[in-house]
Structures are given as C-alpha cells and as structure tokens.
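Asks:
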Amino acid sequence: MPRPFSPKIVTANDLIEGDVVYLTADDRWSRSHSEAELLEDEAHATIRLLDAERQQNRIVGAYLADAKAGPNGPEPVHFREAFRSRGPSNYAHGKQVAAGHQ
Amino acid sequence: MYRYDDFDAAFLAERNAQFRAQVERRIDGSLTEDEFKPLRLMNGLYLQLHAYMLRVAIPYGSLDSVKMRKLAELAEKWDKGYGHFTTRQNIQYNWPKLPDVPDMLDSLAEVGMHAIQTSGNTIRNVTSDHFAGAAADEIADPRPYAELIRQWSTDHPEFQFLPRKFKIAITGSPNDRAVTRAHDIGLRMVERDGEPGFEVIVGGGLGRTPMIGKVIRDFLPEGELLPYLEAIVHVYNRYGRRDNKYKARIKITVHEAGLETIRDEVEEAFVQTRADFEGVDERVIARIRERFVTPDFVAGGAEALEEAKADPVFRAWADTNLADHKHPDYAIVTVSLKAHGQTPGDATAEQMRVLADLAERYGHDELRISHQQNVILPHVRKADLATVHAELKRAGLATANVGLASDIIACPGMDYCALATARSIPVATQLAERIDTLRIEHEVGPLQIKISGCINACGHHHVGHIGILGLDRAGVENYQITLGGDATETAAIGERAGPGFAYDEIVPAVERLMLAYLEHRTDEGEGFLETYRRLGAAPFKEALYGPEKRKDAA
Ligand code: HEM
Ligand code: SF4
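These protein sequence lines are chains A and B, in that order.
Mapping of the first sequence onto numbering that gives the first Met the number 0: position 89 corresponds to residue 88, and the numbering continues sequentially without gaps.
Mapping of the second sequence onto numbering that gives the first Met the number 0: position 351 corresponds to residue 350, and the numbering continues sequentially without gaps.
(1) What residues of chain A sit near Y51/B, judged by a beta carbon separation below 9 Å?
(2) By DSSP's criteria, M52/B is part of a beta bridge. Which residues make up the other side?
(3) For a test of the three-state rule: what should DSSP assign to E109/B, helix, strand or coil?
(4) Using a C-beta to C-beta distance shorter than 8 Å, which residues of chain A count as neighbours of Y415/B?
(5) Going by DSSP in three states, T170/B sits in which element: helix, strand or coil?
(6) Of all the residues that make up the stretch 406-435 of chain B, which are near chain A by a beta-carbon distance shorter than 7 Å?
(7) Using a beta-carbon distance below 8 Å, is R19/B in contact with chain A?
(8) Residues in the same chain with beta-carbon distance under 6 Å from L446/B, minus the five sequence neighbours each way, listed in chain order, please.
(9) Which value, in whole angstroms, describes the spacing of the CA atoms of R39/B and D18/A?
(10) Helix, strand or coil, according to DSSP, for K67/A in the structure here?
(11) Going by other Cβ atoms of all chains shown within 10 Å of its Cβ, with 16 needed for buried, is H113/B buried or exposed?
(12) Measuring straight from C-alpha to C-alpha, what distance separates R2/B and V292/B?
(13) Any residues in the stretch 79-107 of chain B with a beta carbon nearer than 9 Å to a beta carbon of chain A? Which ones, in chain order?
(14) Counting only C-beta atoms, is T554/B closer than 8 Å to chain A at any point?
(15) Can you give me the start and stop residues for the alpha helix (DSSP H) that P445/B sits inside?
(16) Whole angstroms are fine: how far does the CA of K67/A sit from the CA of A501/B?
(17) How many whole angstroms separate the CB atoms of I26/B and P98/B, which I take to be in contact at a CB cut-off of 8 Å?
(18) Over the uninterrupted alpha helix (DSSP H) stretch that includes H77/A, give me the two end residues.
(19) With which residues is G185/B paired in a DSSP beta bridge?
(20) When the distance is taken between beta carbons, is I249/B closer than 8 Å to V201/B?
(21) Starting from the N-terminal side, write out each stretch of the alpha helix (DSSP H) that is 4 residues or longer and does not extend beyond the stretch 461-508 of chain B.
(22) Is it the case that the stretch 422-434 of chain B contacts the stretch 381-391 of chain B, given that we only count it when at least three CB pairs across the two stretches are under 8 Å?
(23) Please check if any C-beta of chain A sits within less than 8 Å of the C-beta of L48/B.
(24) Go through the residues and name those whose CB comes closer than 6 Å to any heavy atom of ligand 2, in chain order.
(25) DSSP three-state call for L376/B: helix, strand or coil?
(26) Please report how far the alpha carbon of G43/B lies from the alpha carbon of A133/B, in whole angstroms.
(27) Whether or not the stretch 137-152 of chain B and the stretch 169-188 of chain B are in contact is what I'm after, with contact meaning three or more pairs of Cβ atoms, one per stretch, closer than 8 Å; do they touch?
(28) Following the continuous alpha helix (DSSP H) through T347/B, name the residue where it begins and the one where it ends.
(29) Pull up the distance between the alpha-carbon of H378/B and that of I331/B, whole angstroms please.
(30) Please list, in chain order, the chain B residues whose beta carbon lies closer than 8 Å to that of G60/A.
(31) Would D25/A be called buried (16 or more neighbouring beta carbons within 10 Å of its own) or exposed?
(32) Less than 8 Å between the beta carbons of L584/B and Y92/B, yes or no?
(33) Using the beta-carbon count (16 or more within 10 Å), is F4/A buried or exposed?
(34) Got a sec: is the Cβ-Cβ distance from G28/B to anything in chain A below 8 Å?
(35) Looking only at its chain, what residues have a beta carbon closer than 7 Å to the beta carbon of L418/B, apart from the 5 residues adjacent to it on each side?
(36) Three-state secondary structure (DSSP) at E16/A?
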C-alpha cells in the first residue's frame with residue numbers, strides 16, 4: 000500500500016533578496032508561511048512545484064516542505080522550516096522583524 | 000605589509016566586471032540558477048537559509064586599518080551593520096542583496112580585497128598562524144611561504160583538476176596555532192642544527208571522516224618547500240579516488256595506500272621536481288619577503304605593563320588576552336569577539352572601526368583574524384596596553400576570556416547555513432552566559448569548546464577539548480559530545496562520549512563536564528585535556544550520564 004501523502008507547501012528563496020518565500024494558492028510568492036497553499040494531494044503538489052520551478056527569474060531552489068494546517072494557515076512541521084519561517088535566533092533579523100517577534 | 004601588485008588589481012577589476020554582467024543576466028532571466036550558481040560560488044556568493052551570504056577572503060588572516068575600515072563600510076552599507084569572522088580567517092556578510100553584490104566587490108577591490116574563493120577542486124587559500132610576524136616562539140614569519148604557495152598553485156595547470164579540494168596550513172612556530180594536523184598538508188616550522196625547515200604533515204582533515212595528519216617528512220629544508228609540495232600533489236593526483244567524493248581527499252589516499260608507500264613515492268617524485276625547480280622558488284621568496292616589512296619597533300616602556308596591573312580588571316584581561324611578542328617591549332593583544340552571550344566571531348561596523356583606529360595608532364597598522372574567530376593586534380607596545388584596553392572596554396571588546404571556556408568556536412549552524420542539521424550559535428551563547436553566571440572559567444582555566452551544526456565540521460568540533468556536534472534526530476535537534484580533542488601540535492580527534500543531548504540539555508551537560516574536571520584534577524596545573532588523558536573518559540561519562548551508564552560501559 001502506498002504511504003499516505005503528508006501535506007506540503009512549496010517554498011523557495013527570493014532571487015533578489017534571498018529571503019524565504021512561499022507559493023500561495025493565487026500564485027503569489029508570500030513572505031509568510033501562513034499564506035502558503037497547503038497541498039494535500041500528491042499530484043497537485045507535483046504540479047505546483049513545477050509551476051514554481053518555471054519562475055526562475057523570481058525565485059531560487061523551490062522545493063516541497065512538510066506542513067500542517069493551523070488556526071491561521073499552514074504551520075511548519077520540521078524545525079528547519081520553523082527557523083526559515085522566522086529568521087535567525089541570535090538577532091531579531093529577517094522575517095521575525097515584520098512579524099513582531101514570535 | 001603585503002600589497003597586491005598591479006597585475007592583481009587588473010585581474011580583480013576584470014573579474015568584477017565579468018561578475019557584474021553575470022548578475023545582470025541572472026536578474027533579467029537570461030541565466031538560470033543552474034548556470035549562475037557555479038559563477039556566484041566562484042565569487043564567494045552563497046545562498047543560505049534566509050538570505051545570500053558573501054564570503055570575503057582575508058589572506059593568511061592579515062589586514063591593515065584601511066581594509067578593516069572597508070569591511071566596516073560594507074557591513075554598514077550593504078549588510079545589517081555587522082560581519083562574521085570565520086574559522087577559515089575570512090569574513091562573511093549574512094544579508095547582502097543580489098543586485099548589490101557587484102558594488103560590494105568593486106568597493107572591496109578599491110583596497111585590494113576580493114571574495115574570490117579559489118573554489119572547486121584546487122588548492123585553496125593557505126591559512127596561517129594568527130600570531131605570524133609577532134610571536135616570541137616564531138622561527139620565521141610563515142606568511143611569505145603562504146604567499147609563495149599561493150602564487151605557485153594559482154593557475155598551476157596540473158592542479159586545476161585535483162580529485163578534490165586541497166587545503167594547506169602553515170605555521171612559523173613549533174607551537175602549532177594553525178591546526179596544521181587537520182589540513183591536507185600541514186607545514187610546521189622547526190629548526191635543525193640552526194637551519195629553519197618544515198615538518199611536513201599530510202592527510203589531516205575533519206568533516207565526515209576526521210583524521211589527524213601524519214608526518215611524511217620530519218625535516219624539509221625551507222628552500223626545498225615547493226618541489227616537495229609539488230611531489231606530494233603529483234602522487235596524490237595519481238592515487239586520489241575520483242569515484243567517490245567522500246573518499247577523494249588525501250587523508251583517504253594516505254590511509255588506504257599507507258604512509259610508507261606514499262612517502263617512498265613522494266621522495267621518488269621529489270628527485271625530479273627538485274631538479275626542475277632549480278632554485279626558482281628561492282628567488283621568488285626573496286622578492287615576496289620584501290613585501291612583508293617588519294615594523295620599526297620602538298624600544299622601552301615595558302614597565303608600564305606591570306604598573307597597569309594594579310587595576311584588577313586590566314590584570315584579568317592581561318592574564319588571558321596577551322601573548323609574548325618577539326620584541327621584549329611589545330605584546331600581542333587578542334581581542335575577544337566572544338563577549339558572553341554574543342555570537343562568536345561577530346563584530347559590528349563600529350567595533351571594526353575601533354579596531355582599525357587602535358591598529359593605526361598603537362599597532363603599527365596591523366591586524367589579524369584568528370581561526371578562533373578573534374581579532375589580533377599583533378604589535379602593541381607594553382607602554383600603550385592600558386590605553387588600548389580602556390578603548391576596547393568602551394567598545395565592548397575587552398572581554399577577558401581568550402583561551403577559556405567561553406572563548407567558543409561555533410559555526411553559523413542552522414541560524415544561517417543551508418547545510419546545517421541543528422543550530423550552533425544559541426548553544427554557544429547560552430553556554431557562555433551560563434559560564435559567566437557560574438563565574439568558573441578562570442578557575443577552570445584553558446578549555447576549548449567547539450561547536451559545529453553538521454558533520455562538515457566547520458566549527459572544528461573534532462579537535463575541541465569538548466566538541467559539540469548538532470544533529471537532526473528524527474526531526475529534533477540533538478547534540479553529540481566528543482571529548483579529548485586537541486588542535487595543537489599534539490593533535491587528537493575527540494572521542495564520542497555517548498548518546499546525544501536535547502537542545503535544552505546540552506548546556507547543563509557541558510556544565511557537569513566542567514565540574515567533573517574541577518573535582519578530578521590533581522591541582523590547578525593540570526588542564527582539562529591532561530586530566531582527561533590521565534583518567535580516560537570514565538569520570539566524564541559518569542558526569543554526563545550518571546553512575547549506571549558507566550557500569551554498563553565498563
Ligand atoms: C555557511 C556557509 C557554509 C557552508 C555552505 C559550508 C560548507 C562546507 C562544506 C560542505 C564543507 C565540507 C567540505 C569537505 O569536507 O570536503 C566545509 C568544510 C569546512 N568549513 Fe565550511 N561552510 C560554511 C561556513 C563555514 C564557516 C562560517 C566556517 C568557519 C567558521 C567554515 C569553516 C570550514 C572548515 C574549517 C572546513 C574544513 C573542515 C575539514 O577539514 O574538512 N565554514 N564547509
Ligand atoms: S559545519 Fe555544517 S552547519 Fe556548520 S557552517 Fe559548516 S556546513 Fe554549515
């Protein structure tokens with residue numbers, strides 16, 4: 000039996016700034032994890048990754064990362080993705096500045 | 000001070016113009032990331048977790064006030080006001096934006112600096128003793144040799160496609176401050192019958208398969224350096240395994256073929272290379288030496304040091320942060336970038352300017368970066384130490400902890416690095432804060448704690464007295480402790496203590512190790528490493544895991 004598909008989001012880095020970005024359902028690149036499109040179907044996830052990879056002039060290194068549904072939108076599963084969604088822990092730099100420290 | 004000559008300046012300008020065009024073509028979409036990536040890496044530009052990172056080379060860790068001010072300017076103008084000094088004697092900027100990078104490179108070129116990573120499978124930047132040109136125990140300044148090796152290896156046809164990258168470290172002193180035994184080739188200067196020469200060490204390295212280098216030649220006269228190195232590289236090129244990237248390093252060649260075999264073949268190749276060189280290198284080194292000018296030292300004033308020690312704060316700093324200079328009226332000042340709770344190796348633009356000013360006014364305009372991620376003022380008159388200390392204090396740079404438990408080496412780990420399996424910086428900062436709260440580091444004495452955020456070992460954890468390796472265990476950060484590592488001329492790879500610790504358990508675990516050492520040492524004169532070597536791991540494992548565990552292991 001195939002393993003059940005665990006939900007994913009498409010994430011990458013912005014070409015110009017390098018900042019972490021997430022693909023939204025309406026085809027934008029958001030800086031916020033909670034705005035990402037949660038992909039619960041494997042075939043759809045594959046298509047969305049291909050959509051992302053075509054946007055070479057906007058982003059770098061798109062990939063699928065595990066995520067789960069939360070009250071305010073998708074939340075990271077792995078700690079690496081949690082760090083990516085916030086910024087470094089040694090300074091209040093990166094995303095956490097805009098998000099008002101989480 | 001060594002200066003780039005006109006050729007280098009023209010070369011840099013051309014490289015920068017090329018890269019500017021490549022960045023433009025990447026941004027307008029005519030280059031894909033696959034095409035662009037090797038080009039940006041060649042120019043020191045990486046993509047990390049949250050942003051791009053620019054790695055600027057500081058050859059042999061030597062720089063002057065003009066260069067240091069330039070580093071400060073970059074931090075302010077194109078980054079978030081700080082830079083990170085690394086264990087490879089470079090500086091990294093963590094927040095540049097892609098379109099700004101060509102401007103950053105042009106700005107660096109104004110002072111002869113660059114971010115060119117002699118990347119790929121070639122001979123990399125040569126690293127050297129951070130006390131070079133100043134140390135009391137130095138036989139000769141190693142930097143002219145480092146520069147000789149750089150010139151010889153740059154664009155050397157045979158060495159552009161080595162099986163794997165190749166790192167060389169060199170020290171001009173018998174006391175090894177450049178971790179020569181953890182490099183592909185290590186060169187440690189020694190004297191025989193009054194003649195200077197090198198102990199040549201091959202096959203060291205950290206990373207996935209850590210190995211301590213082995214002595215292939217116990218004494219190589221200094222004039223025969225290049226032909227001998229060339230012979231080693233010939234033999235390596237013949238043997239090196241290209242089938243497996245993890246096995247292609249010279250450490251594996253030496254391990255698999257055996258030191259004796261490699262030595263015999265190197266000596267055989269050396270007969271030919273020595274004949275081919277015909278002393279060319281000796282003429283070149285004479286020319287290079289002229290560029291490393293020894294400052295005009297000013298005699299006198301040494302008594303001021305003892306007088307200044309009446310101030311206990313100065314005294315504590317002098318005890319840990321000063322080292323013996325070859326001139327009796329001078330001292331080497333190590334400026335700690337490890338204020339308790341701060342990110343190891345980070346300096347703000349303002350701090351860089353203070354360091355540049357101090358170097359200019361009191362330090363013969365010289366600065367060095369150490370692989371321990373500190374900054375050195377190599378030539379300070381003892382008469383000026385109290386003033387220098389006061390200025391450092393004002394800038395938050397007078398932490399008196401060099402060589403002590405809170406002088407921690409830590410790689411960027413998962414706060415920045417895309418390859419990381421766990422964080423390392425917050426482990427270092429929390430550990431340093433805990434050590435400060437306990438007020439025990441002066442009692443504990445010299446102790447090297449080194450932290451890496453993955454098996455690549457950029458934080459040198461294998462050679463830390465206490466090494467910490469951050470791993471991902473089933474989606475949770477987990478920290479493995481190694482004990483008994485040594486980065487000096489008595490180099491050793493640390494041994495795994497046992498199961499790893501969770502993120503919130505690692506600081507208390509290291510605290511228990513320090514307390515166990517204090518309990519078991521014979522007296523203050525016995526350092527952590529000596530106690531470990533005398534007693535073995537047992538009492539330390541007990542401190543980490545409790546008595547049951549030790550019984551299991553016995
Ligand atoms: C953040 C970006 C970085 C990346 C992507 C990176 C990547 C790597 C990789 C992949 C290796 C293993 C190479 C091999 O074994 O062949 C390595 C080795 C090394 N790195 Fe880094 N590194 C980074 C930052 C640093 C920093 C900040 C330092 C200094 C603090 C550093 C110091 C070293 C050293 C000394 C080695 C050699 C270890 C050995 O002897 O095998 N690296 N790095
Ligand atoms: S040791 Fe690993 S985590 Fe640390 S800088 Fe090197 S590659 Fe990154």
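Using N, Cα and C, we set each Cβ at its ideal position, and we do this for glycine too.
Replies: Let's see:
(1) Simply N12, E16, G17.
(2) M52/B pairs with Y45/B.
(3) Coil at E109/B, not helix or strand.
(4) Per Cβ cutoff of 8 Å: P87.
(5) Of the three classes helix, strand and coil, the one that applies to T170/B here is strand, per DSSP.
(6) If the cut-off is 7 Å between Cβ atoms, the stretch 406-435 of chain B has M413, D414, Y415, R422, I424, P425, T428 near chain A.
(7) No, no contact with chain A.
(8) Taken in chain order, the residues that qualify are A404, H464, F527.
(9) Going from the Cα of R39/B to the Cα of D18/A covers about 17 Å.
(10) Strand.
(11) Counting Cβ neighbours within 10 Å, H113/B comes out buried, since at least 16 surround it.
(12) Its pLDDT being 48, under 50, R2/B is placed unreliably by the model, and the measurement read from it follows with that caveat. Just so you know, the alpha carbons of R2/B and V292/B end up roughly 11 Å apart.
(13) Cβ proximity to chain A below 9 Å picks out K79, Y81, N93, W94, P95, K96, L97, P98 from the stretch 79-107 of chain B.
(14) The structure shown does not extend to residue 554/B, since chain B is modelled only from 0 to 553, so the question has no answer here.
(15) In this chain, P445/B is not harboured by any alpha helix (DSSP H), its DSSP state being neither H nor E.
(16) Rounded to whole angstroms, the gap between the alpha carbons of A501/B and K67/A is 24 Å.
(17) About 6 Å separates the two Cβ atoms, so the contact holds.
(18) Element bounds for H77/A: n/a, residue is neither H nor E.
(19) Bridge partners of G185/B: A168/B, I200/B.
(20) The answer is yes: Cβ separation under 8 Å.
(21) If only complete runs of 4 or more residues are kept, the stretch 461-508 of chain B shows no alpha helix (DSSP H) anywhere.
(22) Contact between the stretch 381-391 of chain B and the stretch 422-434 of chain B is absent, because fewer than three Cβ pairs lie under 8 Å.
(23) Yes, contact with chain A.
(24) Sorted by position in the chain, C410/B, P411/B, G412/B, C416/B, L418/B, A419/B, S451/B, G452/B, C453/B, N455/B, A456/B, C457/B, G458/B make up the residues whose C-beta lies under 6 Å from a heavy atom of ligand 2.
(25) Reduced to three states, the DSSP call for L376/B is strand.
(26) Between G43/B and A133/B, the C-alpha separation is close to 30 Å.
(27) Contact between the stretch 169-188 of chain B and the stretch 137-152 of chain B is present, because at least three Cβ pairs lie under 8 Å.
(28) From DSSP, T347/B is part of no alpha helix (DSSP H) but of the beta strand (DSSP E) over 345-347.
(29) So the two alpha carbons sit approximately 6 Å from each other.
(30) Within 8 Å Cβ-Cβ: E32, L46.
(31) Classification of D25/A: exposed, given that the 10 Å Cβ count is below 16.
(32) Only positions 0 to 553 of chain B appear in this structure, which leaves residue 584/B out of reach.
(33) Exposed is the label assigned to F4/A, since fewer than 16 other Cβ atoms lie within 10 Å of its Cβ.
(34) Interface annotation, G28/B: in contact with chain A, CB-CB separation under 8 Å.
(35) In its chain, beyond the 5 residues on either side, C453, N455 have a beta carbon closer than 7 Å to the beta carbon of L418/B.
(36) In this structure, E16/A counts as coil in the three-state DSSP scheme.
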